[in-house]
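The letter at position 42 of the sequence shown is residue 42 when you use UniProt numbering, and the numbering goes up by one with no holes. Structure, as structure tokens:
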Amino acid sequence: MSLEARLESLKQRHAGLDARITDEDRRPRPDDDSLSRLKLEKLRLKEEMERLRTR
């Protein structure tokens, strides 16, 4: 997989996680554990994207 394709894949996953976080946060009683896991995964993706961009 090329660098550009990998970055695009990560961007899509990042956007998907953002949508899931928003959905969970809008629930009447959001699951704090789920939100924490989703946010941590989103941060990991962001860090990986930054690492790839600085290569």
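C-beta atoms are modelled at their ideal positions from N, C-alpha and C, and glycine is treated no differently.
Per-residue DSSP class, three states only, for residue i
i, result
"S34", "helix"
Which listed residue (the options) has its alpha carbon closest to that of residue i
i, options, result
"A15", "T54, K39, L52, P28", "K39"
"I21", "R55, K42, P28, L3", "K42"
Buried or exposed (CB count within 10 angstroms, at least 16 for buried), residue i
i, result
"L3", "exposed"
"L17", "buried"
Contact the region 4-12 vs the region 43-55: 3+ CB pairs below 8 Å: yes
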